[in-house]
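Chains as they are written, first to last, in this note's numbering: chain A, 1188 to 1465; chain B, -7 to 320; chain C, 11 to 520; chain D, 184 to 691.
Where a beta carbon is used, it is the ideal one built from N, C-alpha and C, also for glycine.
Take a look at the structure below.
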Amino acid sequence: MRVTRWGTGYGLFAVGAALVGLMVALAVAAPLIDRYDPAAQGVGPALAGPSVEHWLGTDRFGRDLAARVLHGGRTTLLATAAALALVVSVGTLVGAAVAAVGSIVDRLARRLFDLLVAFPVMVVALALVGLWGPSLATALAGVLIVLWAPFARLSRSLVRTALAEPSAVAARALGAGRWRLLRYEVWPRLRGPVLVLAAVEAAQLIGVVAGLSFLGLGAQPPSAEWGAMLQEGRAALWSAPHLVLAPGIAVLVTVLGLTCMAEGLRDMLDRAGQAVPE
Amino acid sequence: MADRRAWTRAAAVVARGVATAAGLLLVASMLVFALVRAAPGDAVDVEFGESGASALLSPEEEAAARAQRARELGLDRGVPEQYARWLDRVVRLDLGTSFRTGRPVVDELGDRVAASAALGGAGFLVALGSAWLIASLSARRPGGPLDHALRLLSLAATAVPTFLLGSLGLRYAADWFGYPVAGEASWRRLWLPAVVLGVGAMPVVARLLRASLISEYGRPYALAARARGASPARLTFRHVMRPAFAPLLTLAGLTLSSLVAASVITEVIFSWPGVSEYAVSAISAKDYPVVQAYLLLVVAVVVVVNRAMDVLQHLLDPRVAHAADVAA
Amino acid sequence: MTAPVLSVSGLTVAYGPHPVLDGIDLDLVAGRVHVVLGASGSGKTTLLRALIGMVPAPGRVSARRLLLRTAAGEVDLSTPDAWRRVRGRHIGLIAQDPAQALTPLRRAASLVREADRLAGGAADRARVEQLLRAAGFADPGAVASRYCFELSGGMAQRLGVGLAVAPRPAVLLADEPSTALDGLARARLAATLRQVAGDGAAVVLVTHDVALAAGLADDITVLHDGRLAEAGAAAEVLGPGSKWMIGLRPAAPPPAVRSTRVLSTRGLRKRYRGTGPVLTGVDIDVADGEVVGIAGRSGAGKTTLLRCLVGLERPDGGELRIAGRTPAEAGWRALRRLVQVVPQDPRGSLNPWRTARELVADPLDAHRIGTRAGRRARADDLLDRVGLAGLEHRRPGQLSTGQCQRVAIARALALRPRLLVADEPVTALDAPLRQGVLDLLGDVVREHGMAALVISHDLYVLEALCHRIAVLDAGRIVEDLPAAALRDDGTHPLTRALIECHPTGETHVR
Amino acid sequence: MAAATVLLLAGCGGEATAGQGGSGTLRVATSALAASVDPMAELSASYLRSVGAAEGLMRTRADGTVAPELAEKVEATSPTVWTATLRPGLTFWKGGTVDAAAVVASMERARTENTLAAGLLKDVTVAATGDRTVTFTTKQPSHSLPSALSHYQMVVHNVASYPDGASGTDAAVADLTGPYRITGFESDRRMVLERNERWWGGTPGVARVEVQKVGDPQARAQIALSGQAEIVQDLPTDRAKELAAAPGMSLVAKPAANTVTVYLNPASTAAPALADPRVRQALAWGVDRQEVVDLATNGLSVPAPSWLASNPAFPDATAQGYVRFDKATAERLLDEAGWTLGADGKRAKAGQKLALRLLTFGVEAATGEVLQAQWARLGIDVQVRNVESSLINQSIEKGDWDAVTQAWTTLGDTAKLIAAQIGPSGAANHGGYTDPRIDGLLAQAAGAPREDQRTAAVYDLNRLMVELAPSIPVHPRVLATGVSDKVTGFVAHPLQYENIVQPTMTLG
């Protein structure tokens, strides 16, 4: 009984997965659910509050907010997922390769990873966006430059510890080859922590992209993207709070879901006695 | 005697650290320069776009004027040459002069660095203080109702975007306490952005500290100390605290990075005259010397703080150094 | 008999619905050593925690009587506050692993000072020095300013015992102190405990080591499944014909040794960066069908030797031949089919995500021997052979430690190796399980006529299995004799010390 | 701060005299501040004028006409000579006399130090012909000299106080003539000014002015709402309702003298339809300007049917051009051009969709969004991207653009400004439009002997721009200023930098 768990990790993970799943399902089903074109102006009165016709109200151009939040979810979630897939695969592979090569390469790479991991994502994204012009793609590119490093660092250390595990040593002594070691000894120890980190970073990614958009440096109007919608809505935080609340809650729910998933997974891994990434 | 050993080890770590840090900074400076110079448009474009002089000049005159200005700013040379000149000056601690104000960047950044450091430091203290409170309350009865409640609080704090918290905080603070929305860096203005920053960085620290505390409380030495009659307070402060804090230092880099990231938004929202706020405006003006100095500053701070944390960790927990010696 | 210092009756501890301890009665008398024997899971540790009032959080403690008699009078120990007042001062604890039980980031003197102050002592400089001396440190100044994590195992033990003994508690509890210690250190501890009892304390020793118990105990309580199984004077409980005693197995039958050498090393050397040499020139031969034991204290280089023998480590020098060929000639992949390992930590060495059948078939898969179905059938046969029939779909998490070790043995047999290397094959097991695993190992080796190299710090284990025993010290073989002749002919001081720690006629708990 | 493409302003009106010199501190929050106290440093002069520190010989009135400021009068003494007579007894802050020689020195330093000033003084010889008279001699007859003198870059400064290498960030260096003198200065952050007791116009209205730069528009709105400054400049229009309803302050909105215009590229390969003037005109007719104003500026601006409409000196321009939203005309023109409506509601010609990319910048993003929706109703596919200004410039340079929004100033030397729009190689003639009528009209607008002739030529050019449709005027930018109820005497001005500190203002 070393580190006790906060409740059952599984429950937390399930709640998180349900929240994220809900957001993804809504985004996927957006064209089926929405009753208005998200880009169509004047489908309702400008800045109207939630009503039967417009569930979440309308924005200053009289666009249906519900449709925009749904379609915004498509942009935000798809962009996040794509970016995440890229950093996870690149980071994990680089980390594993470095760990496998070892020696000086490993030591240098470790320093680089440590630096990049500590480097503020926001600053890189900010510089890139500021200099290359604001757009979702630039913002994401800025994020990607830095965000693969945590995965590389994690997978590097996991691969190294996994190879030093008694079961891996035993497998080597029994004559298991490189691929068998990777498949049976390394991969099971890698996947959980990487998943945890992916959930954490996904949450961060959404936060950073929304933050950049909030500063007017991310996705640009008129695209329906949560961060951009937040920026539009910020001005009306008091006169028409629903403008911020709708995308704000969408971001909050997604980030909360991802964080819960990460926490739950962390608990479950922790119970299984596995390394847990920070 | 043990102390001296610890200091010697720390000195060795510092020496190793300085060497790698210098290497990293050099690589980083090249990346920074390349990144900044590869972007479309330059300061001359921005200036001429703003001044509107082009409406009053013939195309030839404008071209001549632009070339003249580019020459003044040193932008007419090749990028590698610009880099060499820049690096040459940087190693002599001259970060150049701002295109916009014509002032030395070092002066420009000077008091902003202080303002940013004050904000970051205060934010860090808020984060650490609240994390300590939450973690020690949680660790008292792991799995108990208070633990769960505090965990929910942490999760919520992670999910609330900084800008939302900042905007809301600013609005209400201005309405209720007459909080100065803008102005110079002052104690009166510091607390609110510090709280916003701190709340954002708190959950990660709290989680680690909680796990660390629980783990240390469960170790045989803690048990043995209790068996020798140590009171709960003595157990916490004299036995458990130091080992529990040590792993936190490795997290400092991450905390720092999240603080810097959050401070970009926080400084803008609170009009806090710090480096991030300055950088945001310099970036849009393509004020290269300032942008380069800012990026380099962030890299340097990240490198130095992480190295410093290594050293601090060696001092706080000499076991680390011990393990490193054996492994080396 | 004087009135007991600590009287316990009807002590019950429960974490969930089922009590871990159920109605324990115990009277501790000054000047006597009271040994609590029991297998793991019998409730020994919980009893110990209850006796110092530190049952962890969800546990509920109830007792008809919990009474401590001190010079100042009787103390009723039914409240946490009462416990807090007597803990340390009147009841002391020697923890299981002394190195782990000292606050790592405090200095030795600081801990001593604190313990003394908590016990109401003066806690000044002179007093600290005196206590350190009493703990067995001839030069207190040398140890006083060191961090506890910097202390060697022996020093940590002395300090830990010293801290517990210093306040002269009326009751001294010792928790499985033998587990982490080698024979010599264990003997030293036994002497200390005896002395403390002689000074008038009631000593409680909790252990599963009957050998230790037999040498120390005045009274013995045997726990089984949380209940008192037997209690009484040591002579009665462990007397002749006691069901807790078993005889040693007769020595292994004479070898069917053939003349071919399956393993041969000459001058094997190895050192790690930043440390002294670990192996300084090991010469060892194992003939086909021969079982050779390597004995040695911890740190002698046993594990490094093993790693070199199976190709996990590249020796710095010397020659290694397996079946007459060096690894350079034959390649490790081929040689590994000839040498298989039964590892020290059975649970850790099994991949937790795989089933018993997959684990056993693993070496066959890795070397692509036979068809997939054939490999599975062979794995099931092997599991059957080691007594795990029907458990082929279990994963390590669902198997006991003993069962894990059986899986590991079955796995090592899968390739029908010519040499089996067993690294401390029973150390991780509780005493009652050891004999079964030792029997199994002995049987499979004989059955297959394979050679074996058994590495252990436990002379009994080696005597039970081996034809020949070599003693490893400071990275070289200092003694190499037939197992039957070791006790009579062994001359090296280390051999003698080992024999002293493992007297004949001693016992193992089944 | 990069908001205005061309910034023009002038100081206090010649005849205006300040009030009785009240007390108190006027707190001002602005979106940008001077980086240097040297008015000849890039972009500095306009900020110095805006806070009441700097003045020129002339200034621009709120109605768009020019009036003398430091000069008592400026008159044409021959076709190529303008003579300015200085007010008597003018002094710089530090006490130096502002005489003809000082003015000439200021002009000459401006010419060498500042590109913009060099442009304004091109082919102009400045000479002191008396203590208080300065003559400006031009090569050709020039009618625009008074307007050039009212340009913010023509402020008069004490050359002796700005030696080479002097720190532009030292408040003590500054020596100008304005009603408020700089006593504290932090580059691009903060400025403190105190009343100039020797000011020629009397005692300025407040004792002390504190100007704070607040970069974030929402923070400025917050400052206005919570009454933490008396003047808050450049408020975000999307908070108009909230600000208008706030107690203790009023939102003073004024259409600025620059027209937000959509420039069209006739040579675009991605949108070849733009080569057809009918398509360009259709786009212009298809804009419901009132709706744009309502949605994108919260009703704070007004429709601009023609480019010149935002110049108050040419009031008739509001009746020129696309004076109504005429969807029918737009559809007819598109049909005539061959871009016909398909079943999917989109227009196409020979299988090619009518589509264009519109780049917007900064606050124009909202305008772009509304235009996108309006043109979509015509069956045109518009892709809007809000980008940085330098990216717009770069796209134009590379020729890879369809439509961009920009807002050039319309007030000043009108002939020159309009030449930049439509003249050959005009800086804003991004599409390279030409027409045989243009050159003649431009020459007339600049050089016709009589003012009514010049005005008529300008109107003709404005009309020609409607016909050629190189760009689509939409609406002027908005100058939204928050003015505390404590402030009296604030006059809304179409130039951004006249909207901040005016010497007539007093604190009640």
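Exercise. CA-CA distance, Val247 of chain C and His218 of chain C?
Worked result: Looking at the two C-alpha atoms, the distance is approximately 14 Å.
For this session: Please go through the same chain and pick out, in chain order, the residues whose beta-carbon is closer than 6 Å to the beta-carbon of Val661 of chain D, but skip the five residues on each side of it.
Result: Cβ within range, chain order: Thr420, Ala436, Thr480, Leu483, Ser484.
For this session: Check whether the segment 1328 to 1343 of chain A touches the segment 1300 to 1315 of chain A, counting contact only when three or more Cβ pairs, one atom from each stretch, lie closer than 8 Å.
Result: Counting Cβ pairs under 8 Å, three or more are found: they touch.
For this session: Please check if any C-beta of chain D sits within less than 8 Å of the C-beta of Leu162 of chain B.
Result: Under the Cβ distance rule, Leu162 of chain B counts among the residues neighbouring chain D, one pair being separated by less than 8 Å.
Problem set entry | First and last residue of the uninterrupted alpha helix (DSSP H) at Leu1199 of chain A | In this chain, the alpha helix (DSSP H) harbouring Leu1199 of chain A covers 1196 to 1215.
For this session: Return the Cβ separation of Cys158 of chain C and Ala166 of chain C in integer angstroms, given the expectation that the two are a contact with Cβ distance under 8 Å.
Result: The beta carbons of Cys158 of chain C and Ala166 of chain C sit about 7 Å from each other, so the pair counts as a contact at 8 Å.
Exercise. The segment 256 to 269 of chain B: which residues have C-beta closer than 8 Å to a C-beta of chain D, in chain order?
Worked result: Residues of the segment 256 to 269 of chain B with a C-beta atom less than 8 Å from some C-beta of chain D are Val260, Ile261, Phe262, Ser263, Pro265, Glu269, listed in chain order.
For this session: May I ask you to list, following chain order, the residues of the segment 275 to 308 of chain B that have a beta carbon less than 9 Å from some beta carbon of chain D?
Result: Of all residues in the segment 275 to 308 of chain B, Ser276, Ala277, Lys278 have a Cβ within less than 9 Å of some Cβ in chain D.
Problem set entry | Chain-ordered neighbours of Gln411 of chain D on chain B, where CB pairs are closer than 7 Å | Under the 7 Å cutoff, chain B gives Pro172, Val173.
Problem set entry | Contact list for Trp1242 of chain A against chain D, beta-carbon separation under 8 Å | Near Trp1242 of chain A there are no residues of chain D at all, since even the closest Cβ is about 21 Å away, more than 8 Å.
Problem set entry | Ile1291 of chain A, buried or exposed, once every other Cβ within 10 Å from all chains shown has been counted against 16 | Taking every protein chain shown into account, the CB of Ile1291 of chain A has fewer than 16 other CB atoms within 10 angstroms, so this residue is exposed.
Exercise. Say the cut is 7 Å; is the CB of His306 of chain B nearer than that to a heavy atom of the ligand GTP?
Worked result: Absent from the structure shown: the ligand GTP. Ligands present: none.
Exercise. Based on Cα-Cα distance, which residue from C:Arg42, C:Thr505, C:Val122 lies nearest to Leu141 of chain C?
Worked result: Across the set C:Arg42, C:Thr505, C:Val122, the C-alpha of C:Val122 shows the shortest separation from the C-alpha of Leu141 of chain C.
Exercise. Expressed to the nearest angstrom, what Euclidean distance is found between the alpha-carbon atoms of Ile256 of chain C and Leu222 of chain C?
Worked result: At Ile256 of chain C, the pLDDT of 40 sits below 50, so the modelled position is not reliable; the number obtained from the coordinates is stated separately. Distance between the alpha carbons of Ile256 of chain C and Leu222 of chain C is about 15 Å.
For this session: Sort out for me which residues DSSP pairs Thr664 of chain D with in a bridge.
Result: Answer is D:Val435, bridged to Thr664 of chain D.
Problem set entry | C-alpha distance - Val370 of chain C paired with Ser155 of chain C, whole-angstrom precision | For Val370 of chain C and Ser155 of chain C, the distance between alpha carbons rounds to 52 Å.
Problem set entry | Of the residues C:Ala462, C:Val45, C:Leu31, the one placed nearest Gly303 of chain C, counting alpha carbons only | Answer by Cα proximity: C:Ala462.
For this session: Under 8 Å Cβ to Cβ from Ala559 of chain D, same chain only, skipping five residues before and after it: list those, please.
Result: Around Ala559 of chain D: Val565.
Exercise. Is the shortest distance between the beta-carbon of Met165 of chain C and the beta-carbons of chain B less than 8 Å?
Worked result: With a threshold of 8 Å between beta carbons, Met165 of chain C makes no contact with chain B.
Problem set entry | Leu1303 of chain A to Val252 of chain B span [Cα, whole Å] | Cα to Cα, the separation comes out at about 14 Å.
For this session: Tell me whether Ala105 of chain C is buried or exposed, calling it buried when 16 or more other Cβ atoms sit within 10 Å of its Cβ.
Result: Classification for Ala105 of chain C: buried.
For this session: May I ask you to report which of helix, strand or coil DSSP gives Met(-7) of chain B?
Result: At Met(-7) of chain B, the pLDDT of 45 sits below 50, so the modelled position is not reliable; the number obtained from the coordinates is stated separately. It is coil, neither helix nor strand.
Problem set entry | For Ala1305 of chain A, the first and last residue of its enclosing alpha helix (DSSP H) | Taken as a continuous stretch (DSSP letters only), the alpha helix (DSSP H) holding Ala1305 of chain A covers 1290 to 1305.
For this session: Mind listing the chain D neighbours of Val98 of chain B? Cutoff is C-beta to C-beta under 7 Å, in chain order.
Result: Going along chain D, no residue has its Cβ under 7 Å from Val98 of chain B, so there is no contact; the nearest lies around 13 Å.
For this session: May I have the straight-line CA-CA distance separating Ala1358 of chain A from Leu1368 of chain A, to the nearest angstrom?
Result: Answer to the nearest angstrom: the Cα atoms are 7 Å apart.
Problem set entry | Closer than 9 Å at the beta carbon, the chain B residues around Ser333 of chain D | Residues of chain B passing the Cβ test: none, with the nearest at roughly 14 Å.
Exercise. Is Ala1233 of chain A closer than 8 Å to Arg1247 of chain A when the C-beta atoms are compared?
Worked result: The beta carbons of Arg1247 of chain A and Ala1233 of chain A sit closer together than 8 Å.
For this session: Within the same chain, show all residues whose beta-carbon is closer than 8 Å to that of Ala1349 of chain A, passing over the 5 residues directly before and after it, in chain order.
Result: Once the five neighbours on either side are set aside, the close Cβ partners of Ala1349 of chain A are Ala1355, Glu1372, Val1373, Arg1376, Leu1377.
For this session: Take Ile419 of chain C as the anchor and find which of C:Leu409, C:Val447, C:Leu443, C:His403 has the nearest alpha-carbon.
Result: The candidate whose alpha carbon is nearest that of Ile419 of chain C is C:Val447.
For this session: Could you check the C-alpha separation between Ala186 of chain B and Leu111 of chain B for me, to the nearest Å?
Result: Whole-angstrom Cα-Cα distance: 6 Å.
Problem set entry | Which of helix, strand or coil DSSP assigns to Gly525 of chain D | Here Gly525 of chain D sits in coil by DSSP.
Problem set entry | Pairwise C-alpha distance: Leu87 of chain B and Thr188 of chain D | Residue placement at Thr188 of chain D is flagged as unreliable, the pLDDT there being 28, under the threshold of 50; the coordinate-derived value follows with that caveat. For Thr188 of chain D and Leu87 of chain B, the distance between alpha carbons rounds to 30 Å.
Exercise. DSSP three-state call for Leu463 of chain C: helix, strand or coil?
Worked result: Judged by DSSP in its simplified three-state form, Leu463 of chain C adopts strand.
For this session: Under 8 Å Cβ to Cβ from Val670 of chain D, same chain only, skipping five residues before and after it: list those, please.
Result: Non-local beta-carbon contacts of Val670 of chain D in its own chain, meaning distances under 8 Å to residues more than five positions away in sequence, involve Leu209, Glu413, Ile414, Met688, Thr689, Leu690, Gly691 in chain order.
For this session: Examine the Cβ distances between the segment 73 to 87 of chain B and the segment 323 to 337 of chain D and report whether three or more of them are shorter than 8 Å.
Result: The answer is no - the segment 323 to 337 of chain D does not touch the segment 73 to 87 of chain B, with fewer than three Cβ pairs under 8 Å.
Problem set entry | Closer than 8 Å to chain A by CB, Ala556 of chain D | So yes, Ala556 of chain D belongs to the interface.
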